[in-house]
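A.B. asks: If you read the sequences in order, they're chains H and X. Take 1 as the starting number for the first sequence in the working numbering and just add one per residue. Take 1 as the starting number for the second sequence in the working numbering and just add one per residue. Every residue gets a Cβ at the ideal spot worked out from N, C-alpha and C, and that includes glycine. Just so it is clear, the structure is predicted and the values come from calculations on it, not from any experiment. Before I ask anything, here is the structure I am working with.
There are 2 protein chains.
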Amino acid sequence: MGKITVIGIGPGSLDEMTPRARAAIEAADVIAGFTTYIKFIDELIKGREVIGTGMMQEVDRCRLAVKCAAEGKKAVMISSGDAGIYGMAGLVYEIAFGYPQETRPEVEIIAGISAVNAAAAVLGAPLMHDFVVISLSDRLTPWGLIKKRAALAAQGDYVIALYNPKSKSRVKNIDEIHDILMQYKSPETPVGIVRSASRSDERKIITNLRDFTNEEIDMFSIVIIGNSKTFVRDGVMVTPRGYKL
Amino acid sequence: MGKITVIGIGPGSLDEMTPRARAAIEAADVIAGFTTYIKFIDELIKGREVIGTGMMQEVDRCRLAVKCAAEGKKAVMISSGDAGIYGMAGLVYEIAFGYPQETRPEVEIIAGISAVNAAAAVLGAPLMHDFVVISLSDRLTPWGLIKKRAALAAQGDYVIALYNPKSKSRVKNIDEIHDILMQYKSPETPVGIVRSASRSDERKIITNLRDFTNEEIDMFSIVIIGNSKTFVRDGVMVTPRGYKL
Numbered sequence: 001m002g003k004i005t006v007i008g009i010g011p012g013s014l015d016e017m018t019p020r021a022r023a024a025i026e027a028a029d030v031i032a033g034f035t036t037y038i039k040f041i042d043e044l045i046k047g048r049e050v051i052g053t054g055m056m057q058e059v060d061r062c063r064l065a066v067k068c069a070a071e072g073k074k075a076v077m078i079s080s081g082d083a084g085i086y087g088m089a090g091l092v093y094e095i096a097f098g099y100p101q102e103t104r105p106e107v108e109i110i111a112g113i114s115a116v117n118a119a120a121a122v123l124g125a126p127l128m129h130d131f132v133v134i135s136l137s138d139r140l141t142p143w144g145l146i147k148k149r150a151a152l153a154a155q156g157d158y159v160i161a162l163y164n165p166k167s168k169s170r171v172k173n174i175d176e177i178h179d180i181l182m183q184y185k186s187p188e189t190p191v192g193i194v195r196s197a198s199r200s201d202e203r204k205i206i207t208n209l210r211d212f213t214n215e216e217i218d219m220f221s222i223v224i225i226g227n228s229k230t231f232v233r234d235g236v237m238v239t240p241r242g243y244k245l
Numbered sequence: 001m002g003k004i005t006v007i008g009i010g011p012g013s014l015d016e017m018t019p020r021a022r023a024a025i026e027a028a029d030v031i032a033g034f035t036t037y038i039k040f041i042d043e044l045i046k047g048r049e050v051i052g053t054g055m056m057q058e059v060d061r062c063r064l065a066v067k068c069a070a071e072g073k074k075a076v077m078i079s080s081g082d083a084g085i086y087g088m089a090g091l092v093y094e095i096a097f098g099y100p101q102e103t104r105p106e107v108e109i110i111a112g113i114s115a116v117n118a119a120a121a122v123l124g125a126p127l128m129h130d131f132v133v134i135s136l137s138d139r140l141t142p143w144g145l146i147k148k149r150a151a152l153a154a155q156g157d158y159v160i161a162l163y164n165p166k167s168k169s170r171v172k173n174i175d176e177i178h179d180i181l182m183q184y185k186s187p188e189t190p191v192g193i194v195r196s197a198s199r200s201d202e203r204k205i206i207t208n209l210r211d212f213t214n215e216e217i218d219m220f221s222i223v224i225i226g227n228s229k230t231f232v233r234d235g236v237m238v239t240p241r242g243y244k245l
């Protein structure tokens with residue numbers, strides 16, 4: 001009986017991957033992941049078997065990796081950011097549970113720096129208070145539920161972090177969410193957009209709720225919308241925790 | 001003009017701190033932080049100046065560290081987990097903004113594995129869908145707002161992660177939140193409680209919404225409450241992302 005380790009590799013640079021994650025990758029027989037993310041760890045995987053597949057082939061990729069583990073190999077499945085946040089951790093468990101107990105591989109999860117944490121660090125300190133994380137991809141979630149969640153988050157004055165805000169085929173969702181948030185929040189609420197946090201092509205924009213959908217946003221962007229106390233100063237976005245100074 | 005680097009050291013083991021965080025600590029002249037967390041990185045700080053203070057002295061500690069940086073020293077301020085999530089990132093910015101531009105130290109934030117990510121990895125994959133993070137400490141936030149946020153999160157069927165669920169002087173908040181969540185969610189909803197994730201004294205409990213307040217919970221615990229799809233199997237808590245298998 002083998003083992004599959006599901007690893008969050010962090011934002012992309014080896015400098016922001018934990019030693020625990022790195023050691024697990026270096027010890028693996030087989031490395032699986034979305035091809036774009038495999039490239040980030042290229043120098044660690046020399047000579048090992050790689051299962052690299054494109055976007056939208058998550059289930060096939062996970063099935064293959066779990067099968068390798070069930071056959072006795074040491075397999076790792078990588079996700080960018082943290083594997084437990086819109087990554088592969090859940091799917092690997094679900095597929096592993098499909099094996100009878102005798103042949104089911106062990107599953108271990110190694111946490112990584114998630115995209116929202118990396119983006120927040122680039123913007124300043126926008127997540128310092130209660131926050132929600134919502135994916136705007138309606139591929140696996142009813143769009144009505146996503147809109148409802150956004151409205152409730154706005155009513156609760158949460159800081160709101162959006163994953164998958166936009167893709168080539170999904171361009172309208174962000175506009176609908178914008179309109180929902182504008183019903184409850186000030187149009188001047190600070191909004192930060194970060195693309196490729198901690199990578200060489202990192203880009204950050206700080207704007208406001210009224211205008212942020214005019215900026216360039218894609219599937220690699222994280223959008224963080226402040227709460228009613230969030231402020232911007234000298235290009236830094238800060239949500240106060242509430243300390244008296 | 002000096003620099004202060006605010007660092008998330010992760011859950012506590014050096015194995016889960018990024019090389020970027022470690023390098024910044026090793027390069028520092030002065031290291032500041034809550035004494036309990038300073039101990040986690042003891043072996044990295046030999047011979048350097050340490051500003052270690054107790055809980056509840058955050059403002060004094062940050063003022064001292066920022067002052068050292070303003071005087072030209074390389075200072076680091078450490079938080080456990082991620083400094084941008086209920087950590088010191090915001091406070092350091094706020095204090096630095098109190099200095100005139102000429103003497104204001106540069107501030108850099110280095111993200112860490114946050115407590116909620118570490119706890120999720122221990123439990124399985126509970127955060128795989130939209131989630132909220134709420135602190136139950138009402139020291140800096142009106143209790144009414146915290147309760148309102150919990151109710152809205154429950155109505156949105158978010159996965160709910162609770163920081164600071166209980167302390168010696170604050171024992172009733174968790175019961176009130178329990179009663180609010182019970183109004184909207186099934187009593188059978190899976191709940192995971194993790195204390196000291198990834199440390200030698202790590203402890204995890206998986207129970208349900210009806211019963212979880214009967215378990216031992218303290219200020220070092222993270223509580224993760226599932227959404228309506230979250231299930232428990234073989235001691236693992238999983239929130240499905242929605243893939244068809």
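(1) Flag Val122(H) as yes if its beta-carbon sits less than 9 Å from any beta-carbon of chain X, otherwise no.
(2) List the DSSP bridge partners of Ile109(X).
(3) Below 7 Å on C-beta distance, what does Glu188(X) contact in chain H?
(4) Would a C-beta distance cut-off of 9 Å place Leu152(X) and Gly156(H) closer than the cut-off?
(5) Compute the distance between the beta-carbons of Pro11(H) and Ser80(H), then report whether it is under 9 Å.
(6) Look at Ala121(H) and Ala197(H) and say whether their C-beta atoms are less than 9 Å apart.
(7) What ranges does the alpha helix (DSSP H) occupy inside the stretch 58-117 of chain H, keeping only unbroken runs of at least 4 residues that lie completely in it?
(8) For Ser137(X), count neighbouring Cβ atoms within 10 angstroms of its own Cβ and tell me buried if that reaches 16, exposed if not.
(9) How big is the Cα-Cα spacing for Glu102(H) and Val59(H)?
(10) Hey, Ala119(H) and Ile205(H) are a contact pair by Cβ (cut 8 Å); roughly how many whole angstroms apart?
(11) Quick one: list the residues of chain H neighbouring Ala89(X), beta-carbon separation under 7 Å, in chain order.
(12) When burial is assigned at 16 or more other CB atoms within 10 Å of the CB, is Pro126(X) buried or exposed?
(13) With distance defined between alpha-carbon atoms, name the residue in Val107(X), Gly54(X) and Leu91(X) nearest to Ala24(X).
(14) Under 9 Å, do Leu91(X) and Arg241(H) count as touching if we go by C-beta distance?
(15) Sort Gly33(H), Lys3(H) and Met17(H) by Cα distance to Ala21(X) and report the nearest one.
(16) Would Met219(X) and Lys148(X) be called neighbours here (beta carbons separated by less than 9 Å)?
(17) Taking buried to mean at least 16 other C-beta atoms within 10 Å of its own C-beta, is Pro190(H) buried or exposed?
(18) Buried or exposed: which applies to Asp42(X), given that a residue is buried once 16 or more other Cβ atoms fall within 10 Å of its Cβ?
(19) Against chain H, which members of the stretch 102-120 of chain X pass a CB distance test of less than 8 Å?
C.D. replies: The relevant details are as follows:
(1) With respect to chain X, the C-beta atom of Val122(H) has a partner C-beta closer than 9 Å.
(2) Ile109(X) is bridged by DSSP to Val6(X).
(3) The premise fails here: Glu188(X) is roughly 19 Å from chain H at the closest Cβ pair, so nothing lies under 7 Å.
(4) Yes.
(5) Yes. Within cutoff.
(6) Yes, these two residues count as a Cβ contact at 9 Å.
(7) Counting only runs of 4+ residues, the alpha helix (DSSP H) found wholly inside the stretch 58-117 of chain H occupies 58-70 and 89-96, in chain order.
(8) The residue is buried, with at least 16 neighbouring Cβ atoms inside 10 Å.
(9) Distance between the alpha carbons of Glu102(H) and Val59(H) is about 22 Å.
(10) About 11 Å separates the two Cβ atoms, so there is no contact after all.
(11) Neighbours of Ala89(X) on chain H, chain order: Ala125 and Met128.
(12) So Pro126(X) ends up on the buried side.
(13) Closest by alpha carbon: Val107(X).
(14) A contact, by the Cβ cut-off of 9 Å.
(15) The candidate whose alpha carbon is nearest that of Ala21(X) is Met17(H).
(16) No.
(17) Buried, since its Cβ has 16 or more Cβ neighbours within 10 Å.
(18) Its Cβ having fewer than 16 others within 10 Å, Asp42(X) is exposed.
(19) Taking 8 Å as the upper bound on Cβ-Cβ separation, chain H lies near residues Val107, Ile109, Ile110, Ala111, Gly112, Ile113, Ser114, Asn117, Ala118 and Ala120 of the stretch 102-120 of chain X.
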